[in-house]
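Protein chains in written order, with my numbering: chain A, 656 to 992; chain B, 3 to 368.
As structure tokens, the structure follows; a few thoughts come after it.
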Amino acid sequence: MSVLVTGSNGFLGAALIERLMARGETREVRAMVRAGSDRRRLDAGAARYPGRPLRVVEGSLASAAAAARVLEGAQVVHHLAASLRGAAADMFLNTVVTSKNLLEAATRSKSPPRMVLVSSFSVYGVADLPRGAVVDEETPFEAAPERRDLYAQVKVRQERLFRDYHAQHGVPLVVVRPGVIYGPGGSGLSVRVGLRMPGVFLHFGGSNVLPLTYVDNCAEALCVAADRAGGDARTINVVDDDLPTASAYLARYRGEVERLRSVRVPYPVTMAMSALVERYHHWSKGQLPAIFTPYKSATAWKGNRFDNARLKALGWRQIVPTEDGLARTFADLAARR
Amino acid sequence: MTLKVAIVGCGKIADGHVEQIREMPDMARVIAACDLELLMAEQLAARYGIPAHYDDFERLLAVEKPDVVHITTPPGSHLALTTRALEAGCHVYVEKPLTPTLAETRTLVERAQAAGRRLTVGYTYLFDPPALAMRELIAAGEIGEPVHVESFYGYDLAGQFGSALLADANHWVHRLPGRLLHNNIDHLFNKMVEFIDDERPALLAQGFVRRTARFGDARDDMHDELRVMVSGAKVTAYGTFSAHVRPAPHFCRVYGTKNTVTVDYLARTVLLEGTSQLPSAIGRLVPAFERAGRFAGQGMKNLAKFARADFHFFAGLSHLIRAYYRSILDGGPPPIPYRDMVAVAAMMEEVFTQIGATAAPPRPPP
């Protein structure tokens with residue numbers, strides 16, 4: 656089987672390439688990178704598996720024709736390439752339009768490959784759920800993406816696009832929705848823990864359980880989903896077991912990585928502050944951006960639990976225990992400081 | 003009457019246009035967005051609640067019948083889109099650079115005049131509040147006669163625009179004759195042209211590439227530094243574009259026979275410097291305090307504006323759009339003289355000829 660990975664030099668992408676090589680079940684692993692991009696992560700991973708069937712393909716998803724060249728002969732495509740930050744137009748262009756090009760190319764191929772889309776927990780409409788509600792794959796999709804941050808808007812549109820192509824053109828599809836992916840080389844403090852302000856860290860997450868997935872566990876989940884979830888557009892949450900709360904995570908981060916001055920902001924205060932920021936944004940005609948609104952804050956800090964029963968039912972097992980994952984991550988973060 | 007506005011080209015800069023227009027409901031409303039890629043038109047419409055979106059400009063013109071079209075597409079399409087909009091009876095706001103060549107700029111201006119419709123171009127910094135204040139000082143005779151202008155525009159290639167064009171060898175910027183410079187140095191020249199009356203002033207330009215080559219394609223030889231000297235009969239000017247100086251400056255300084263005025267577009271200050279009248283060492287001691295006092299005064303003014311919610315990032319864009327719409331509604335002259343648009347295009351073309359800048363050849367997709 657020939658497996659193509661887009662976004663292969665990213666944080667998750669490089670781990671997935673390693674995982675595919677470690678599993679050794681694939682005839683050919685193709686890692687797509689854009690010309691001129693930083694390949695250090697990918698190269699470091701490849702060096703650990705000499706002799707394995709890895710092929711680095713320089714290509715682009717900037718048009719359907721370019722995507723078709725990348726796609727040629729692939730039976731499974733793990734689509735990870737996405738824009739994590741930047742201007743809105745660039746994020747849509749580099750995530751949604753590139754996805755359309757990939758899907759167009761797939762519909763034109765004689766035998767469309769199975770698409771494994773890496774979506775996100777941010778596509779769930781959790782703002783109106785009660786605190787502590789469990790989010791599983793049946794939880795409704797976000798109905799008001801324009802009220803969310805740009806990343807959520809882009810991922811919602813991307814997933815809808817994949818589902819449309821599955822429904823209308825029969826492109827085989829698995830949708831994988833990971834939580835917060837962490838690990839060595841990743842970032843230390845997710846927005847679900849809080850936000851770094853000049854001189855102080857605002858800790859909004861409190862006693863919420865952090866929906867973490869260690870990068871290798873997430874990569875393993877992608878392999879399992881590609882092998883066993885079929886192509887009928889099933890959704891699969893990816894989150895590890897034995898997860899810490901945001902406050903426990905922060906305490907450990909402060910002890911092992913960085914002496915950070917932090918202030919814990921209780922949820923009702925967060926919501927009141929968010930309402931003020933939103934009102935100021937409107938009153939001042941956008942003089943300062945509405946980085947907090949009650950809707951956005953509810954999605955990030957209201958506190959949900961995420962269910963991984965469906966992933967386990969496919970046979971996924973957590974290959975790196977959370978305790979080990981955290982230890983490795985904090986050691987790496989401390990070393991990089 | 004409120005003007006019906008359509009946005010064509012839904013890239014980054016379109017956001018700024020829509021955000022400003024929707025803060026002037028007394029004058030205008032955005033009725034439609036258009037992009038060759040329907041998903042891009044859709045995202046702009048979804049984020050700002052624009053009622054209609056299209057991937058076909060002809061259909062937009064026929065169905066929506068806009069009064070004004072804002073063209074925020076890459077420059078290669080400006081002439082054709084503007085021409086169609088003018089034929090459909092629209093006024094047109096075109097993002098800078100107006101067109102890729104001087105000849106196209108002349109044609110575009112002639113067509114707007116022939117159609118009896120108003121044209122403007124996105125020289126927004128000319129309408130930043132301190133730039134407007136500078137023009138008032140000059141009009142009031144505060145600097146005397148202008149002698150020399152210094153215009154400096156710093157650029158960060160690691161920023162949103164810079165990284166987008168470095169990441170993509172087929173980015174439209176590489177198709178412009180002056181490439182990176184082409185998309186930026188109208189910000190140098192549009193501040194000079196109002197002081198230099200000459201039809202074709204003498205111009206001397208040197209361009210440099212300071213980056214280390216890393217792509218192995220045409221991106222590597224894109225100029226990222228430029229020095230220009232412009233000599234009019236009465237007024238001279240220096241222009242500097244730099245992608246390497248930090249912090250990236252953005253200022254314009256006009257030296258006059260009486261005083262000198264400096265606008266800092268990043269700090270939003272306008273500083274008038276005079277000759278000290280105080281004797282001996284005192285004359286060297288006091289000016290620093292005088293300047294500190296003037297900066298503090300500017301800071302307080304800006305703070306007061308901030309408190310009144312009148313201190314926005316895109317203030318220049320907002321002032322320009324308002325002035326432009328007012329010229330349409332009241333029948334006054336357009337906010338930027340057509341002569342200045344042609345003069346800027348002429349200087350840019352001369353620069354690209356002298357430094358040997360050419361568009362990168364289209365690169366076959368990988």
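Cβ atoms here follow ideal geometry from the backbone N, Cα and C, with glycine treated the same way.
A quick note: this is a predicted structure, and the numbers were derived from the prediction, not measured.
Inter-residue Cα distance where the pair is residue i and residue j
i                     : j                     : result
residue 752 (chain A) : residue 703 (chain A) : 34 Å
residue 636 (chain A) : residue 951 (chain A) : Here chain A comprises residues numbered 656 to 992, so residue 636 (chain A) is not present and cannot be evaluated.
residue 782 (chain A) : residue 953 (chain A) : 5 Å
residue 19 (chain B)  : residue 319 (chain B) : 8 Å
residue 934 (chain A) : residue 924 (chain A) : 15 Å
residue 285 (chain B) : residue 273 (chain B) : 19 Å
residue 739 (chain A) : residue 113 (chain B) : 43 Å
residue 898 (chain A) : residue 971 (chain A) : 17 Å
residue 106 (chain B) : residue 726 (chain A) : 41 Å
residue 353 (chain B) : residue 203 (chain B) : 12 Å
residue 962 (chain A) : residue 791 (chain A) : 5 Å
residue 304 (chain B) : residue 990 (chain A) : 43 Å
residue 299 (chain B) : residue 64 (chain B)  : 52 Å
residue 744 (chain A) : residue 39 (chain B)  : 12 Å
residue 84 (chain B)  : residue 116 (chain B) : 13 Å
residue 1 (chain B)   : residue 127 (chain B) : Residue 1 (chain B) is absent from the structure shown; chain B starts at 3 and stops at 368.
residue 198 (chain B) : residue 238 (chain B) : 7 Å
residue 36 (chain B)  : residue 11 (chain B)  : 6 Å
residue 368 (chain B) : residue 721 (chain A) : Residue confidence for residue 368 (chain B) is low, a pLDDT of 48 falling below 50, so the modelled location carries little weight; the figure read from the coordinates is stated next. Spanning the two alpha carbons is a distance of roughly 7 Å.
residue 254 (chain B) : residue 153 (chain B) : 4 Å
residue 362 (chain B) : residue 229 (chain B) : 22 Å
Buried/exposed call for residue i, threshold 16 Cβ in 10 Å
i                     : result
residue 328 (chain B) : exposed
residue 836 (chain A) : buried
residue 670 (chain A) : buried
residue 680 (chain A) : exposed
residue 28 (chain B)  : exposed
residue 315 (chain B) : exposed
residue 997 (chain A) : Because residue 997 (chain A) is not part of the residues shown, which for chain A are 656 to 992, the question remains open.
residue 824 (chain A) : exposed
residue 946 (chain A) : exposed
residue 693 (chain A) : exposed
residue 98 (chain B)  : buried
residue 236 (chain B) : exposed
residue 293 (chain B) : exposed
residue 912 (chain A) : buried
residue 766 (chain A) : exposed
residue 855 (chain A) : exposed
residue 279 (chain B) : exposed
residue 260 (chain B) : exposed
residue 958 (chain A) : buried
residue 676 (chain A) : buried
residue 929 (chain A) : buried
residue 136 (chain B) : buried
residue 208 (chain B) : exposed
residue 901 (chain A) : buried
Strand pairing of residue i, partner residues [DSSP]
i                     : result
residue 148 (chain B) : B:258
residue 266 (chain B) : B:253 and B:271
residue 36 (chain B)  : B:10 and B:56
residue 727 (chain A) : For residue 727 (chain A), which the question treats as bridged, DSSP gives no partner whatsoever.
residue 833 (chain A) : A:893
residue 687 (chain A) : A:712
8 Å contact criterion, which residue i and residue j should meet: CB distance rounded
i                     : j                     : result
residue 809 (chain A) : residue 891 (chain A) : 20 Å between Cβ atoms; not a contact.
residue 750 (chain A) : residue 826 (chain A) : Rounded, the Cβ-Cβ distance is 17 Å, inconsistent with contact.
residue 659 (chain A) : residue 687 (chain A) : 6 Å
residue 806 (chain A) : residue 838 (chain A) : Actually they do not touch by this definition, with Cβ atoms about 19 Å apart.
residue 719 (chain A) : residue 756 (chain A) : 5 Å
residue 68 (chain B)  : residue 6 (chain B)   : 5 Å
Under 7 Å from the C-beta of residue i: neighbouring residues of chain C
i                     : result
residue 313 (chain B) : The structure shown has no chain C; the protein chains it does contain are A and B.
query: Listed from N- to C-terminal order along the chain, which residues in the segment 8-24 of chain B have their beta-carbon within a distance smaller than 8 Å of any beta-carbon of chain A?
result: Under the 8 Å Cβ criterion, the segment 8-24 of chain B contributes 12, 13, 14, 16, 17 and 21.
- request: Anything in the segment 735-747 of chain A with a Cβ closer than 8 Å to a Cβ of chain B? List those residues in chain order, please.
  value: Residues 741, 742, 743, 744, 745 and 747.
query: Along the segment 750-770 of chain A, what residues have a CB closer than 7 Å to any CB found in chain B?
result: 751, 752 and 755
- request: Identify each residue in the segment 922-953 of chain A for which the Cβ-Cβ distance to at least one residue of chain B is less than 7 Å, and report them in chain order.
  value: 938, 939, 940, 941 and 942
message: Closer than 9 Å between beta carbons: that is the criterion. Which residues of the segment 677-697 of chain A meet it against chain B?
response: 689, 690, 691 and 692
- request: Could you list the residues in the segment 801-826 of chain A with a C-beta less than 9 Å from some C-beta on chain B, going in chain order?
  value: 801, 805, 808, 809, 812 and 816
Members of the segment 38-52 of chain B that neighbour chain A once the beta carbon cut-off is set at 7 Å: 39, 41, 42, 45, 48 and 49
field: the segment 710-727 of chain A: positions lying closer than 9 Å to chain B by Cβ
entry: Considering only beta carbons, the part of the segment 710-727 of chain A lying closer than 9 Å to chain B consists of 712, 713, 714, 715, 717, 718, 720, 721, 724 and 725, in chain order.
- request: Below 9 Å between beta carbons is the criterion; list the residues of the segment 185-197 of chain B that meet it against any residue of chain A, in chain order.
  value: Against chain A - using a Cβ distance shorter than 9 Å - the segment 185-197 of chain B contributes no residues.
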